[in-house]
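Q: I have a structure I would like to understand better, so I am pasting it below and will then ask my questions one at a time.
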């Protein structure tokens, strides 16, 4: 007994001192065989498929044949026997001589020399088992299960050539050693997982350091791919990163063995593999903003890698065999046909379904040798035990490699680190892009254009060639924007940008300067003729109708050009001169291009002076109101007056309205000027009332900006109260384009004005883009035919038809129709023939000061027959 206790103590110490499981198992079988003095002690480990292998063996010399490293099929130890070992935790002793099978319960709490009878079971031995042991030359067998956690890990088998009984104490010592082995297996598994985790973290740290090292982006990504392939025991790999919304194209990095198809990522079926949720897109979704990118990046950056939910990733493992079996994937299968690649892991680079690429790892096929115990014959193996344990070698070729869950977890962690790095770069790239590009047209903005202009100027000084700078402004774009809405205007600007790019050379640059204005840079010009041809090409391209929401829109442009070194040699002056040339193009009728000339500079200076004078004009009371009668065509009687503003400049004299009204709108003075016109007209009306003259309706024009200001109703009410004018004698004229800018606002505002008793007129009718369906909902009193249709109404059948249509429309809507710009008796006669209600123009009377209108109104019948000499 002391010897047995000493033996147990010694073997336990030796097992505990070792860290390697193979050493522990070999020590256990050696010591047990030495202690029991038996012929063979082996440890048999089960595989996941139910088969097993002898992984440790101690053998008495020249006794039984060695079984070390031999595989046994699952049928040798049926599943029912494995379940018995696991669930019942039973030890099995077989004695061939007596042909008895003794099983004992390992969970017995007995610690004495003898086991209780109820813990021992006797049963005859299965004849097949007897043959099995006899074939090995074994007469006595003892098998004890080795457990790991709640699983049957393997068996400890003790074989002897002659019958061999076992004392209870021997069995207890064997079981204690087996328990120590089970503990060692758990410790080894823990050590393996600890080492694996340490390696996992080391690889991740290496990847993280690479992603933040000072190498170029391309060098970093190539190195990370190589590290990932090496860490995952791959034979090759690909790192594909989609194109950025800023215009940076897709990137592909490769290493090691590759498929025969170089553009694999362009094959639709492969795209379905690398992005299961849909095709990878170069553009970010509309909902994906820079703030969301930053949020994604911060989420990952602020959380430890251990907390990342890697299960969300849609990774895939596919084999070439699977590809070959699917006819729809033949294109992909053919790409791998002449390679050694047999297994592919596809790891998306994504977070929260935002995918920016894919990490692909290839593994080559492998050959294997398996040494089975005895010649394999499936038919006989299921019927009876083998007759021989002669070694049989099974060779398998070109097998598909497998991927463990830990390997895939490592690959997913690498992909998330890649996502973080790509997201950070993409955020920085988008921020830089947004800082120097226009969000609507994706063209360079003013900042980037200035940088490129400065660089082009520096380069031009090294070569004797011209450099051109141009300003392009769309003509009457505001009318389209105000009439059809900003959404239509935005689409038009996008289409214009596309067409402009199609007209330029590769070396040229176009930028959106602001609003509907673009700047262009033309380096390397041989002559002025070259830039003139490009300018004409642009104008021709823009003259083709644009189609937006099934509606044709016609747009022209005014183009101004300045050349370096002819016109200037610095950026600021070139831009200023190009701007001046563009304004000259507008003055010359639009839809043309102009090269800068020195006199344009003086015109620009005059424009600046006029702007400064206009800002002072209101304070210094330089504005005047003139009035033009509106005549009833059927009777010739004056039925109303239109108030028209004039500017009496102290040095320039009268400044025409078409010069200062657009300028007032541009610099934001039109609203206060319009308010002055409204108040002055109402005061004049009350003055005529005080003189005893019969009341006439006075029409006042409202600019688009004035009409859409939030205080309009309040201002009109205050004016009416202050001047005590009856609202029915105040007529407000708004242009068709201003009315269509915001239809709901227009309807609501006009309704309030009508309820106040005011008279409402649509001015310049026919020049905008009114929808008749919308027009019928406007609470109106009058339509005013624009003078452009009256001017050639006698000679031009189209103008005549338009005027006749407007009159018919007015009659249908029960509205009065006024024709403006009447200058000849023929025009008046035609208007009378189509039953137009009212007319105004130089044929009756030009706009005149209030004192002359007073004299006219004092005529007894308020009549202007057909003699323009009545007015001076």
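In full-length UniProt numbering, the protein residues as written are 1 to 872.
We treat Cβ as the ideally placed atom computed from N, Cα and C, and that holds for glycine.
It should be emphasised that the depicted structure is a prediction, and the values quoted were computed from it without experimental measurement.
1) Check whether the Cβ of residue 726 sits closer than 7 Å to any heavy atom of the ligand FMN, and report yes or no.
2) From residue 589 to residue 508, what distance separates their C-alpha atoms?
3) Ignoring anything shorter than 4 residues or poking outside the stretch 738 to 813, list the alpha helix (DSSP H) runs there in chain order.
4) Would DSSP call residue 714 helix, strand or coil?
5) Spell out the partners DSSP gives residue 701 in its beta bridges.
6) Quick one: any contact between the stretch 315 to 332 and the stretch 219 to 238, if contact means 3 or more CB pairs under 8 Å?
7) Identify which residue in 248, 391, 648 and 624 has its Cα closest to the Cα of residue 922.
8) Enumerated in chain order, which unbroken segments of the beta strand (DSSP E) with a length of 3 residues or greater are wholly contained in the UniProt domain "GGDEF" (465 to 598)?
9) Could you please give the first and the last residue of the uninterrupted beta strand (DSSP E) stretch that includes residue 100?
10) I need the straight-line Cα distance from residue 32 to residue 410, nearest angstrom please.
11) Are residue 548 and residue 488 close, meaning C-beta to C-beta below 8 Å?
12) Taking C-beta to C-beta, are residue 198 and residue 21 nearer than 8 Å?
13) Do residue 208 and residue 417 have their C-beta atoms within less than 8 Å of each other?
14) Which residue's Cα is closest to the Cα of residue 712: 726, 750 and 177?
15) Can you pull the DSSP bridge partners for residue 840?
16) What does the Cβ neighbour count give for residue 109, buried or exposed, with the cut at 16 atoms within 10 Å?
17) List the endpoints of the continuous beta strand (DSSP E) containing residue 154.
18) My assumption, with CB atoms under 8 Å, is that residue 815 sits in contact with residue 783. Please give the rounded CB distance.
19) Quick one: measure Cβ to Cβ for residue 453 and residue 469, integer angstroms, because I've assumed they're closer than 8 Å.
20) Between residue 651 and residue 786, what straight-line distance do the alpha-carbon atoms span, to the nearest angstrom?
21) Cα-Cα, which of 852, 551 and 580 is closest to residue 473?
22) Give the DSSP-derived three-state secondary structure of residue 343 in the structure shown.
23) Residue range of the beta strand (DSSP E) that residue 148 falls in?
24) May I ask which residues mark the beginning and end of the beta strand (DSSP E) holding residue 398?
25) Taking the C-alpha atoms as reference points, what is the distance between residue 657 and residue 644?
26) Hey, could you find the ends of the alpha helix (DSSP H) residue 432 is sitting in?
27) Rounded to the nearest angstrom, what separates residue 70 and residue 54 at their Cα positions?
28) Using only the alpha-carbon positions, how far apart do residue 878 and residue 665 sit?
29) Please go through the same chain and pick out, in chain order, the residues whose beta-carbon is closer than 8 Å to the beta-carbon of residue 217, but skip the five residues on each side of it.
30) Inspect the CB distances between the stretch 430 to 444 and the stretch 362 to 372 and report whether three or more fall short of 8 Å.
31) Out of curiosity, what's the CA-to-CA distance linking residue 114 and residue 60?
32) Measuring alpha carbon to alpha carbon, tell me which residue in 820, 846, 826 and 853 is nearest residue 838.
33) Hey, how far is the Cα of residue 592 from the Cα of residue 539?
34) Output yes or no for whether 8 Å exceeds the beta carbon distance between residue 818 and residue 630.
35) Around the Cβ of residue 419, are there at least 16 other Cβ atoms within 10 angstroms (buried) or fewer (exposed)?
36) Hey, could you find the ends of the beta strand (DSSP E) residue 649 is sitting in?
A: Looking at the coordinates:
1) This structure does not include the ligand FMN; it has no bound ligands of any sort.
2) Here residue 589 refers to the residue found at position 589 of the chain shown. Here residue 508 refers to the residue found at position 508 of the chain shown. When rounded, the distance between both Cα atoms is 27 Å.
3) Fully enclosed alpha helix (DSSP H) runs of 4 or longer: 743 to 755, 772 to 775, 787 to 790 and 797 to 812.
4) Residue mapping note: residue 714 aligns to position 714 of the chain shown, counting from 1. Helix at residue 714.
5) Position 701 of the chain shown, counted from the first residue, corresponds to residue 701. Partner(s): 733.
6) Flag = no, the stretch 315 to 332 and the stretch 219 to 238 do not touch.
7) Not covered by the structure: residue 922. The range shown for the chain is 1 to 872.
8) Within the UniProt domain "GGDEF" (465 to 598), the beta strand (DSSP E) runs of at least 3 residues that lie entirely inside it are, in chain order, 466 to 474, 509 to 514, 517 to 525, 546 to 548, 551 to 553, 557 to 564 and 592 to 595.
9) Numbered from its first residue, the chain shown carries residue 100 at position 100. Looking at the DSSP string, the run of the beta strand (DSSP E) that includes residue 100 is 100 to 105.
10) Numbered from its first residue, the chain shown carries residue 32 at position 32. Numbered from its first residue, the chain shown carries residue 410 at position 410. Between residue 32 and residue 410, the C-alpha separation is close to 41 Å.
11) Residue mapping note: residue 548 aligns to position 548 of the chain shown, counting from 1. Residue mapping note: residue 488 aligns to position 488 of the chain shown, counting from 1. Annotated as proximal: residue 548 and residue 488, with beta-carbon spacing under 8 Å.
12) Residue mapping note: residue 198 aligns to position 198 of the chain shown, counting from 1. Residue mapping note: residue 21 aligns to position 21 of the chain shown, counting from 1. One thing to note: residue 198 has its Cβ no nearer than 8 Å to the Cβ of residue 21.
13) Position 208 of the chain shown, counting from 1, holds the residue named residue 208. Position 417 of the chain shown, counting from 1, holds the residue named residue 417. Yes, the Cβ-Cβ distance between residue 208 and residue 417 is below 8 Å.
14) Your numbering for residue 712 matches position 712 in the chain shown. Residue 712 has its Cα closest to that of 750, out of 726, 750 and 177.
15) Indexing the chain shown from 1 puts residue 840 at position 840. Bridge pairing for residue 840: 820 [DSSP].
16) Mapped onto the chain shown, residue 109 falls at position 109. With a pLDDT of only 49 at residue 109, under 50, the local geometry of the prediction cannot be trusted, and the value read off the model is given with reservation. Looking at its Cβ environment, which holds fewer than 16 other Cβ atoms inside 10 Å, residue 109 is exposed.
17) Position 154 of the chain shown, counted from the start, is the residue given in the question as residue 154. For residue 154, the uninterrupted beta strand (DSSP E) segment begins and ends at 151 to 160.
18) One-based indexing of the chain shown puts residue 815 at position 815. One-based indexing of the chain shown puts residue 783 at position 783. Their Cβ separation, rounded to whole angstroms, is 5 Å, which keeps residue 815 and residue 783 in contact under 8 Å.
19) Your numbering for residue 453 matches position 453 in the chain shown. Your numbering for residue 469 matches position 469 in the chain shown. Going by Cβ atoms, the distance from residue 453 to residue 469 rounds to 7 Å, so yes, they are a contact pair.
20) What you label residue 651 is simply residue 651 of the chain shown in a count that begins at 1. What you label residue 786 is simply residue 786 of the chain shown in a count that begins at 1. Going from the Cα of residue 651 to the Cα of residue 786 covers about 33 Å.
21) For the purposes of this step, residue 473 is taken as residue 473 along the chain shown, with counting starting at 1. In this structure, 580 is the residue among 852, 551 and 580 with its C-alpha nearest to the C-alpha of residue 473.
22) Residue 343 sits at position 343 when you count from the first residue of the chain shown. Residue 343 falls in the strand class under three-state DSSP.
23) Stepping through the chain shown from its first residue, residue 148 is reached at position 148. Its beta strand (DSSP E) spans residues 140 to 148.
24) Locating residue 398 in the chain shown gives position 398, counting from the first residue. Segment 391 to 399, the beta strand (DSSP E) holding residue 398.
25) Here residue 657 is taken as the residue at index 657 of the chain shown, counted from 1. Here residue 644 is taken as the residue at index 644 of the chain shown, counted from 1. Cα to Cα, residue 657 sits roughly 9 Å from residue 644.
26) Here the question's residue 432 lines up with position 432 in the chain shown. Start and end: 405 to 436.
27) Residue 70 sits at position 70 when you count from the first residue of the chain shown. Residue 54 sits at position 54 when you count from the first residue of the chain shown. Cα to Cα, the separation comes out at about 6 Å.
28) For the chain, the structure presents residues 1 to 872; residue 878 sits outside this window and is missing.
29) One-based indexing of the chain shown puts residue 217 at position 217. Excluding sequence neighbours, residue 217 sits near 425.
30) As far as the Cβ criterion goes, the stretch 430 to 444 does not touch the stretch 362 to 372, which means the pair count is below three.
31) Here residue 114 refers to the residue found at position 114 when the chain shown is read from its first residue. Here residue 60 refers to the residue found at position 60 when the chain shown is read from its first residue. Note that residue 114 scores a pLDDT of 44, beneath 50, so its modelled location is shaky and nothing firm can be said.
32) As a first step, residue 838 is located in the chain shown; it is residue number 838 there, counting from the start. Checked all of 820, 846, 826 and 853; the closest Cα to residue 838 is 820.
33) Numbered from its first residue, the chain shown carries residue 592 at position 592. Numbered from its first residue, the chain shown carries residue 539 at position 539. Between residue 592 and residue 539, the alpha-carbon positions lie close to 7 Å from each other.
34) Position 818 of the chain shown, counted from the first residue, corresponds to residue 818. Position 630 of the chain shown, counted from the first residue, corresponds to residue 630. Closer than 8 Å, so yes.
35) Position 419 of the chain shown holds residue 419. Buried is the call here.
36) As a working mapping, residue 649 is identified with position 649 in the chain shown. Looking at the DSSP string, the run of the beta strand (DSSP E) that includes residue 649 is 638 to 649.
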